[in-house]
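K.L.:
Handing you this structure, nothing more for now.
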Amino acid sequence: RWTKGHYNKWIGTQALNANINGYSNIAIGSAALTYNTSGYSNTATGDGALSANNGSYNTATGAGSLSNNTTGNFNAGFGDASLYDNHTGSKNSALGYLAGPSSGSTNLWYSVAIGSEAKVNCSNCMVLGGTVASGAQTRVGINNPQPLTDLHIIQDTDAGGDKLRGIRLQRSVTTNHCRTPLAPVTT
């Protein structure tokens, strides 16, 4: 295989197969980084991971992870087919099988999807858990190992005089209009 790139490592059939000027890439798995010609500082672990890539500073772990990424940079996908539908978006993160943008949202920035089949469709957005259509009923607990509601926070009762804990909903960064917290709910 002829390559002009330097400091590349690969293991697997067709891994880094088309590389010309890309450097400091690691490809482990059949067809990992296979069409990369000039992208650099990428890590692809899994069959087909980052296979269409020419972006840089991407990390893909899992079969098919970031496999449709063409020019996106600074993305991190962990799980089979994570960030699969990211094509040109950058600075996105996904954790879980098929976590990432939907097929109609291929150019997101700063998006995060956590959980199997978690779908995020807007830049600067974060999604926990799969879609309701997939039957997911995600609950988030803070200081709580078994949340009973969508968001369930347990906090100490003003320990040490700390009055700044809890949830604050504010309309904007320039005003101080806040919603009044609700009375505690007992279960």
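Sequential numbering from 239 applies to the sequence shown in the working numbering.
We put the CB at the ideal spot given by N, CA and C, even for glycine.
Please read these numbers as outputs of a predicted model, since none were measured by experiment.
1) If you reduce the DSSP assignment to three classes, tell me which class Leu333 lands in.
2) Any idea if Gly286 is buried or exposed, counting beta-carbon neighbours within 10 angstroms, 16 or more meaning buried?
3) Would you list the one or two residues that DSSP bridges to Pro383?
4) Would you say Ala356 and Ala332 are within 9 Å of each other, going by their C-beta atoms?
5) Can you list, in chain order, the stretches of the beta strand (DSSP E) that have 3 or more residues and sit fully within the stretch 275-334?
6) Would you report the Cα separation of Trp248 and Ile380, rounded to the nearest angstrom?
7) Whole angstroms is fine: what's the gap from Asp388's alpha carbon to Leu254's?
8) Out of curiosity, what's the CA-to-CA distance linking Tyr245 and Phe312?
9) Would you decide whether Pro339 is buried or exposed? Buried here means 16 or more other CB atoms lie within 10 Å of its CB.
10) Give me, in chain order, the residues of the same chain whose beta-carbon lies closer than 7 Å to that of Ser361; leave out the 5 immediate sequence neighbours on both sides.
11) Got a sec? Which residues, its chain only, sit under 8 Å from Val378 by beta carbon, not counting five neighbours each side?
12) Alpha carbon to alpha carbon, how far is Tyr322 from Trp277? Give it in angstroms, no decimals.
13) Give the C-beta separation of Ala183 and Ser289 to the nearest angstrom, bearing in mind that I take them to be a contact with Cβ-Cβ under 8 Å.
14) Among Gly310, Thr308, Ser328, Ala298, whose alpha-carbon lies nearest the alpha-carbon of Leu336?
15) Buried or exposed: which applies to Thr251, given that a residue is buried once 16 or more other Cβ atoms fall within 10 Å of its Cβ?
P.N.:
So, from the listed chains and residues:
1) What you label residue 333 is simply residue 95 of the sequence shown in a count that begins at 1. Three-state DSSP puts Leu333 in a strand.
2) Locating residue 286 in the sequence shown gives position 48, counting from the first residue. Buried, since its Cβ has 16 or more Cβ neighbours within 10 Å.
3) In the sequence shown, residue 383 corresponds to position 145, counting from 1. According to DSSP, which records beta bridges pairwise, Pro383 is partnered with nothing at all.
4) For the purposes of this step, residue 356 is identified with residue 118 of the sequence shown, where counting begins at 1. For the purposes of this step, residue 332 is identified with residue 94 of the sequence shown, where counting begins at 1. For Ala356 and Ala332, yes; Cβs fall inside 9 Å.
5) 281-283, 297-299, 314-316, 331-333
6) In the sequence shown, counting from the first residue as 1, residue 248 sits at position 10. In the sequence shown, counting from the first residue as 1, residue 380 sits at position 142. C-alpha separation (whole angstroms): 41 Å.
7) Your numbering for residue 388 matches position 150 in the sequence shown. Your numbering for residue 254 matches position 16 in the sequence shown. For Asp388 and Leu254, the distance between alpha carbons rounds to 44 Å.
8) For this step, residue 245 is matched to residue 7 along the sequence shown. For this step, residue 312 is matched to residue 74 along the sequence shown. In a straight line, the C-alpha of Tyr245 is about 19 Å away from that of Phe312.
9) Locating residue 339 in the sequence shown gives position 101, where the first residue counts as 1. Pro339 should be labelled buried.
10) Taking the sequence shown and counting its residues from 1, the one referred to as residue 361 is at position 123. So the qualifying residues of the chain are Leu346, Trp347, Tyr348, Ser349.
11) Within the sequence shown, the letter at position 140 stands for residue 378. Hits under 8 Å: Leu366, Pro385, Asp388, Leu389, His390.
12) Residue numbering aside, residue 277 sits at position 39 when the sequence shown is read from its first letter. Residue numbering aside, residue 322 sits at position 84 when the sequence shown is read from its first letter. Position check: residue 277 holds Gly in this sequence, whereas Trp was assumed. Their backbone Cα atoms lie some 18 Å apart in a straight line.
13) Because the chain in this structure spans residues 239 to 425, residue 183 falls outside the shown range and cannot be described.
14) Position 98 of the sequence shown holds residue 336. The candidate whose alpha carbon is nearest that of Leu336 is Ala298.
15) Within the sequence shown, residue 251 is the residue found at index 13, counting from 1. The residue in question, Thr251, is exposed, as its Cβ has fewer than 16 Cβ neighbours within 10 Å.
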